[in-house]
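A.B. asks: There's a structure below that I have some questions on.
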Amino acid sequence: MINIALPKGRLGRQVYDILAAAGYECPEILDSRSRKLVFENEEAGVRYFSVKPTDVGIYVERGTADIGIAGKDILLEYQPDVYELLDLNIGKCRMCISGFPDFYDDHERVLKVATKFPHIARAYYEEMGRDIDIIKLHGSIELAPILKMADVICDIVETGTTLKENNLVVLDTVVDISARLIANKVGWQFKNEQILKIRDALISGRDAEL
Ligand code: PRP
157 MINIALPKGR LGRQVYDILA AAGYECPEIL DSRSRKLVFE NEEAGVRYFS VKPTDVGIYV
217 ERGTADIGIA GKDILLEYQP DVYELLDLNI GKCRMCISGF PDFYDDHERV LKVATKFPHI
277 ARAYYEEMGR DIDIIKLHGS IELAPILKMA DVICDIVETG TTLKENNLVV LDTVVDISAR
337 LIANKVGWQF KNEQILKIRD ALISGRDAEL
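In my numbering, the protein residues as written are 157 to 366.
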């Protein structure tokens, strides 16, 4: 049995659709009213766990899941000790530094940066030798500069709509993001054949989308 940590939401659904088409289906997953978190197809040898996107790396690092689907943002932020097997080329977005269009970086002052991704933000500014004060938030990051709590934000930009509607702009791109297939290091050795089969199914599904 291969245990798969599937992120809740659109990305998880997209990946599930590819796997279902390759024979790893668990139709119960599609029932939006269901509150179930574990879905199993014994015949196909798969068990899916529906997990919070930020937790995928934890399940895979601990071996509770053999493989999982995680955004590169989550991998960079939490640095789980896992193998990254594949870039799925979906869930694409950018990690950006954003602020008001007239933002001026006054180096005499410590820069206040609001973010859900303190590790990524710190690494970005450390490389520049810039002193920052991280304000860790859990959502609605764009509010921080509007309310003058922060000078800039370090956050995901997908369509750019949230920034635009709040009169903010991208000041710099930190890194491009997409979804990755990750594997537990021990599971990769002991369940290698089954994991490779699933990886191949995901490669075919990804390439069919291109
Ligand atoms: C994310 C991100 C941005 C927004 C970017 O927030 O933090 O706020 O999406 O998307 P866009 O460029 O397409 O507008 P999310 O929707 O996850 O909500 P949150 O504010 O609660 O984190």
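All C-beta atoms, glycine included, are put in the ideal place defined by N, C-alpha and C.
#1: Which partner residues of methionine 251 appear in the DSSP bridge assignment?
#2: So arginine 203 packs on methionine 157, CB below 8 Å; how close in whole Å?
#3: What is the DSSP secondary structure of glutamate 233, counted as helix, strand or coil?
#4: DSSP three-state call for phenylalanine 346: helix, strand or coil?
#5: Could you check whether glycine 168 and isoleucine 225 sit closer than 8 Å to each other, using their CB atoms as the reference points?
#6: By DSSP, does serine 360 sit in helix, in strand, or in coil?
#7: Considering tyrosine 281, what are the terminal residues of the alpha helix (DSSP H) in which it resides?
#8: May I ask you to check if the CB of glycine 295 is nearer than 7 Å to at least one heavy atom of the ligand PRP?
#9: Give the DSSP-derived three-state secondary structure of glutamate 198 in the structure shown.
#10: Which partner residues of leucine 337 appear in the DSSP bridge assignment?
#11: How many Å lie between aspartate 258 and alanine 178 at the Cα?
#12: Which two residues bound the contiguous alpha helix (DSSP H) that contains isoleucine 214?
#13: In terms of alpha-carbon separation, which member of Gly343, Ile338, Glu349 and Asp311 lies closest to leucine 242?
#14: Say whether the segment 247–255 touches the segment 324–332, bearing in mind that this needs 3 or more beta-carbon pairs closer than 8 Å, one atom from each stretch.
#15: Cα separation between alanine 270 and glycine 201?
#16: Please state whether the Cβ-Cβ distance between leucine 232 and isoleucine 185 is less than 8 Å.
#17: With a threshold of 7 Å, establish whether the CB of glutamate 142 neighbours any heavy atom of the ligand PRP.
#18: Tell me, please, whether the segment 233–240 touches the segment 283–299 by the rule of three or more beta-carbon pairs shorter than 8 Å.
#19: When DSSP labels each residue in this structure, what does arginine 265 get in the three-state scheme?
#20: Among the candidates Glu198, Asp307, Asp262 and Pro209, whose CA atom is the shortest distance from the CA of glycine 247?
C.D. replies: Well, looking at it:
#1: Indexing the sequence shown from 1 puts residue 251 at position 95. As computed with DSSP, methionine 251 is found in a beta bridge with Ile312 and Val331.
#2: Here residue 203 refers to the residue found at position 47 when the sequence shown is read from its first residue. Here residue 157 refers to the residue found at position 1 when the sequence shown is read from its first residue. Going by Cβ atoms, the distance from arginine 203 to methionine 157 rounds to 6 Å, so yes, they are a contact pair.
#3: Start at 1 with the first residue of the sequence shown, and residue 233 comes out as number 77. Residue state, collapsed to three classes: helix.
#4: In the sequence shown, the residue the question calls residue 346 occupies position 190. It is helical.
#5: Taking the sequence shown and counting its residues from 1, one reaches residue 225 at position 69. Taking the sequence shown and counting its residues from 1, one reaches residue 168 at position 12. Yes; because the gap between Cβ atoms is below 8 Å, this pair is in contact.
#6: To locate residue 360, count along the sequence shown from 1; it is residue 204. Helix at serine 360.
#7: Numbered from 1 along the sequence shown, position 125 holds the residue referred to as residue 281. Here the alpha helix (DSSP H) through tyrosine 281 covers 274–284.
#8: Here residue 295 refers to the residue found at position 139 of the sequence shown. It does: the Cβ of glycine 295 is within 7 Å (strictly closer) of some heavy atom of the ligand PRP.
#9: The residue given as residue 198 occupies position 42 in the sequence shown. In the structure shown, glutamate 198 sits in coil (DSSP, three-state: anything other than H, G, I, E or B).
#10: Translated into positions along the sequence shown, residue 337 becomes position 181. When beta bridges are read from the DSSP output, leucine 337 appears opposite Ile225 and Leu242.
#11: Counted from its first residue, the sequence shown places residue 258 at position 102. Counted from its first residue, the sequence shown places residue 178 at position 22. Rounded to the nearest angstrom, the two C-alpha atoms are 50 Å apart.
#12: On the sequence shown, position 58 is the one that residue 214 refers to. Taken as a continuous stretch (DSSP letters only), the alpha helix (DSSP H) holding isoleucine 214 covers 212–217.
#13: Residue numbering aside, residue 242 sits at position 86 when the sequence shown is read from its first letter. Among Gly343, Ile338, Glu349 and Asp311, the Cα nearest to that of leucine 242 belongs to Ile338.
#14: yes
#15: Here residue 270 corresponds to residue number 114 of the sequence shown, with the count starting at 1. Here residue 201 corresponds to residue number 45 of the sequence shown, with the count starting at 1. The alpha-carbon atoms of alanine 270 and glycine 201 are separated by roughly 43 Å.
#16: Position 76 of the sequence shown holds residue 232. Position 29 of the sequence shown holds residue 185. Their beta carbons are not under 8 Å apart, which means leucine 232 does not touch isoleucine 185 by this criterion.
#17: The requested residue 142 does not occur in the structure, where the chain is confined to residues 157 to 366.
#18: no
#19: In the sequence shown, residue 265 corresponds to position 109, counting from 1. In this structure, arginine 265 counts as coil in the three-state DSSP scheme.
#20: Counted from its first residue, the sequence shown places residue 247 at position 91. Checking every option, the nearest Cα to that of glycine 247 belongs to Pro209.
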